[in-house]
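Numbering (our numbering), first residue to last: 225 to 562. Built from N, CA and C at the ideal position, the CB exists for glycine as well. Worksheet: one structure, shown below.
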Amino acid sequence: MSSVVRSIAWLCGFALLACGGSGSDKRALVDSAEPAAATALPESSLIDSIVHRPGWWKPLLSVFGSEPDSVEDDEGDGEGHNSEGIPNYATREFSLEDSLILRRAYGIEDPHRLYVSDSTDNGVLLYDTEVKKCRRCIVNSYGVGFVSVRRWGESWEQVERRVKATRARWFTGAPHPMGYTTKELDPVIRAGVEQMLADAAKAGYKVRVIATYRSPQRQAYLMSLRGKERTHTLTSTHSYGRSVDVVIDDGNRARKKTKANWINFRIWLTKYRAPTGEMFHVLGAMDHTWDWPHVEVTTAKIGFRSIDEALERGRACLAPGSTTPCDFAPNLPTHLQP
Ligand SMILES: [Zn+2]
């Protein structure tokens, strides 16, 4: 029996699901489990009942004789990009239980589009809603476990469709959509950022902060601008008050001098360490990037460094009576808190 067929047999056996002929891959299997669950178990869904019980297959061992697919721990799989600039998506086998945990806790429809980004020094687990096929192809990517407008139970594919189908104005009107000063940063890093800006000025750089905090609603607004989308994600470290957008000199990189100063600032910044310990990261290469203004402060633990970390927290947050949130909560200054 193939592993996928065996998994379907397991799921059918456990939940008495009326399995059809679908399920040619794991994605179809996970997707198809949800509507059936809703009708069979109105109070708590099938997925709830499964992922709330680690080792749910054990009572059925005597019937089927073996466990569902086991997770192969494949070192290095799912990390960084290949030489063509394509993410090294996870290729390991995911057990049905793990697929359901990732779907329920983190909105992952297909775990084989997960990878740990190497765009900053301390990589973070991302999920692409489409496979990136070429270096210049742009796909939407989401930080797994990051706050966003994603609703409980929604997949990233679903929230993306919802946001794009919603008029942009529905994502406006929140009291604090954005911040433009260091006062809107996570209080833990504020002093370090301010010290960095002062030291940059001392080193001769004319740095101007143009944005700091950005709410998840604002992030959704930027994606919902039909035909004029300004972002390819609904998750951002700006929503944690842990990034600043800056410009150098007059901000016009078409000017040779501005661009040269900007590159020099990026080199200076990535070597800089604040007296309070903060380090700073920029996206892409020093002289070539899709996001010049973005500067990230990466001392805090936001997001996951591996799929196994996400599974561990997913298992914990979905457990009955758990007080562990699935997503990472921002640490925002009082005036930005709801
Ligand atoms: Zn930014």
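Heavy atom of ligand 1 within 6 angstroms of residue i beta-carbon
i	result
Ser467	yes
His518	yes
Contacting residues, own chain, Cβ-Cβ under 6 angstroms from residue i (five flanking each side not counted)
i	result
Leu556	Gly465
Gly513	In the sequence on display, residue 513 carries Thr and not Gly. Correct list, in chain order: Leu507.
Arg497	Met503
Ile310	Lys356
Gly428	none
Arg450	none
Phe489	Tyr429, Ile472
Ser248	With a pLDDT of only 33 at Ser248, under 50, the local geometry of the prediction cannot be trusted, and the value read off the model is given with reservation. There are no such residues.
Thr500	Ala415, Gly416
Same chain, Cβ closer than 8 angstroms to residue i, neighbours up to 5 away in sequence not counted
i	result
Pro562	none
Gly527	Val348, Leu349, Gly367, Val368, Gly369, Phe370, Phe552
Cys358	Glu308, Gly309, Ile310
Ser546	Ala540
Ala435	Met402, Gly403, Tyr404, His462, Val468, Asp469, Pro517
Arg479	Asp473
Thr406	Arg414, Val417, Glu418, Leu421, Val433, Thr436, Val468
Arg391	Ser448
Three-state secondary structure (DSSP) of residue i
i	result
Pro311	strand
Ala435	strand
Val373	coil
Tyr496	coil
Cys236	At Cys236 the pLDDT is 38, less than 50, meaning the model places this residue with poor confidence; the figure from the coordinates comes in the next sentence. In the structure shown, Cys236 sits in a helix (DSSP, three-state: H, G or I).
Ser448	helix
Ser530	coil
Ala509	strand
Tyr404	coil
Val340	strand
His305	strand
His518	strand
Gly367	strand
Ser467	strand
Asp352	strand
Arg472	In the sequence on display, residue 472 carries Ile and not Arg. Strand at Ile472.
7 angstroms Cβ shell around residue i - same chain, five flanking residues per side excluded
i	result
Thr558	none
Glu378	Gly331
Asp511	Ile487
Integer Cβ distance of residue i from residue j, believed to fall under 8 angstroms
i	j	result
Ala444	Val373	4 angstroms
Val521	Val417	6 angstroms
Ser463	Ser439	6 angstroms
Ala314	Gly304	Contact flag wrong, Cβ pair sits at about 12 angstroms.
Leu535	Asp322	6 angstroms
Any C-beta of chain B under 7 angstroms from that of residue i
i	result
Gly545	In the displayed structure, chain B is absent; only one protein chain is listed.
Residue i Cβ short of 6 angstroms to ligand 2 heavy atom set
i	result
Arg328	Annotation note on ligand 2: not contained in the displayed structure, which lists ligand 1 as its ligands.
Taking contact to mean at least 3 C-beta pairs separated by less than 8 angstroms, is the stretch 448 to 460 in contact with the stretch 351 to 364? yes
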